[in-house]
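Enquirer: One structure follows; several queries about it will come next.
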Amino acid sequence: MTRQNLIGKLLLAAGLAVGISMGVIAGNISAAVTLPTTPSTGLKPVKAHLPVLNQDVLMPRSPAPGNPAVAMVNGVALSKEHFLNSLLRLNGLGLLEKWIQLTVLKQACVKAGLHVGNAQIDAAEQGVLNQLAAQHIPAKQRIPVLEKLLARKGESLAEFRMALARTTYMLALAKGHVHITDAEVKLAYKTNFGPKVEVRDIVVNSFDAAATVRHLIMDKHENPAVVAQQHSINTQNAANGGLEVIPLEDKALPQILLDTARELQPNVLSAAVPINGTLHLLWLVKKVPASTVPLSKVRAGLKADLLNQGELQWGQIELNRLVAQSKITIANPILNQEFAALREAYAEQAQALRNEQKAQQANAPAPAATMPQGKSAK
């Protein structure tokens, strides 16, 4: 259910969906970073059902006679060949996937006559650093601060730069294919500036777990924020006590969620709301009335945000199509086996993205974007 506008305010840097909000209190930096790896439409990354590994496949082994060792531990040799194969199983597919994505995107840009290189990627990175500068972070500290923020998301600076490169290519390919109508801007205004409900959203995966949460909050009167931290399976916001802001005019959210949020009463936990195989229990924090800011003052910003989101979505659809249709030969048998499953997932995700875009267009007053290379959503 969670979308970008439920997590927090998105600041656009250098045309990328990179959000950074920071607070500096006595040298303690609190920050949240949304990497430009996935369109800000809430679409999920490609996942594949990979082969199940034997339990001992990554366990250390001694080398065969005459073969080299990668290390010696108290006189025991560790096989270099098995070490490298284990690295491939642990991290090889992820890196290979990124390399393939960057390669097909670069090829597509060259074919389209688009000049995208290090200068554009460096400019995108500088846009992110400029956001840190706006938060009064000294120049020498910006890279270290960015590294700390990325580490909280489990990302390295090198991975972040690859993500920037991928997004830069995607946005370059998407230029001219996405068109935002005035009706869409008005709809976004209603969503972003209309009435909202701030809630504690506690997500569980069974009715037994939902009953436990209800008992803790309604019978034992425990703090809903603490209960969310301890019991919610939504790792994105559990640490924040499950805090979410639900725009009541956001038609992209499930109707059952909007109805439940609209009817929330103080000090009463909602019924369990089934969404995508999970159950959501909502606790009212406060109701936020519609903003009085006129559309005329925010029209340009809303249109820019919609265009950015649309181009990222278009670029993601095109990326999945490019990977699914490319001729890719992998010499390493380990990577070849794992990538075969991933490639099938790319084709499935490409279709899922087209279906989602078709649904979005059906709800919009006018089409938001053309399909990659003139393909229609099926």
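In short: position in the sequence shown from 1, add 65, done, that's this note's numbering.
Quick reminder that beta carbons are idealized off the backbone N, C-alpha and C, glycines included.
What you are looking at is a predicted structure, and each value in this text was computed from that prediction instead of being measured.
Indicate the three-state DSSP secondary structure (helix, strand or coil) for alanine 142 in the structure shown.
Expert: In the structure shown, alanine 142 adopts extended strand secondary structure according to DSSP, grouped into three states.
Enquirer: For phenylalanine 404, does the count of other Cβ atoms within 10 angstroms reach 16, so buried, or fall short, so exposed?
Expert: buried
Enquirer: Take isoleucine 245 as the anchor and find which of Ser391, Gln374, Ser151 and Pro331 has the nearest alpha-carbon.
Expert: Gln374
Enquirer: List the endpoints of the continuous beta strand (DSSP E) containing histidine 345.
Expert: 343-353
Enquirer: Tell me, please, which residues DSSP counts as bridged to valine 130.
Expert: In the sequence under discussion, the amino acid at residue 130 is proline, which differs from the valine named in the question. Beta-bridge pairing links proline 130 to no other residue.
Enquirer: Since valine 250 contacts leucine 367 with CB under 8 Å, what's their CB separation in whole angstroms?
Expert: 5 Å
Enquirer: Just the Cα atoms here: how many angstroms apart are threonine 168 and glycine 178?
Expert: 15 Å
Enquirer: Can you find the residues in the same chain that come closer than 6 Å, C-beta to C-beta, to proline 289, ignoring five residues on each side of it along the sequence?
Expert: Arg265, Ile282 and Trp348
Enquirer: Quick one: Cα of serine 144 to Cα of leucine 153, how far?
Expert: 14 Å
Enquirer: Would you kindly check if the distance between the Cβ of leucine 384 and the Cβ of glutamine 166 is under 8 Å?
Expert: Yes. Within cutoff.
Enquirer: May I ask you to report which of helix, strand or coil DSSP gives methionine 124?
Expert: coil
Enquirer: Shortest alpha-carbon distance to valine 135 belongs to which of Asp187, Leu308, Gln402 and Phe148?
Expert: Phe148
Enquirer: Apart from the five residues on each side of it in sequence, which residues of its chain come closer than 6 Å, Cβ to Cβ, to isoleucine 90?
Expert: In this prediction, isoleucine 90 has a pLDDT of 23, which is less than 50 and means its spatial position is unreliable; what the coordinates show is noted afterwards. Beyond the five residues adjoining it in sequence on each side, isoleucine 90 comes within less than 6 Å, by CB distance, of no other residue in the same chain.
Enquirer: Which runs of the alpha helix (DSSP H) fall wholly inside the stretch 162-228 and span at least 4 residues, in chain order?
Expert: Contiguous alpha helix (DSSP H) elements confined to the stretch 162-228 occur at 183-199 and 204-217, taking only those with 4 or more residues.
Enquirer: Could you check the C-alpha separation between alanine 239 and leucine 170 for me, to the nearest Å?
Expert: 11 Å
Enquirer: If aspartate 315 and threonine 256 are in contact, beta carbons under 8 Å, what's the gap, nearest whole angstrom?
Expert: 5 Å
Enquirer: If I follow the unbroken alpha helix (DSSP H) through proline 289, where does it start and stop?
Expert: 289-296
Enquirer: Could you tell me the alpha carbon to alpha carbon distance between proline 130 and glycine 140, rounded to whole angstroms?
Expert: 15 Å
Enquirer: How many whole angstroms separate the CB atoms of proline 312 and lysine 261, which I take to be in contact at a CB cut-off of 8 Å?
Expert: Sure, about 5 Å apart at Cβ, within 8 Å.
Enquirer: Give a yes or no on whether the C-beta atoms belonging to glutamate 220 and lysine 351 are separated by under 8 Å.
Expert: Going by C-beta atoms, glutamate 220 is not nearer than 8 Å to lysine 351.
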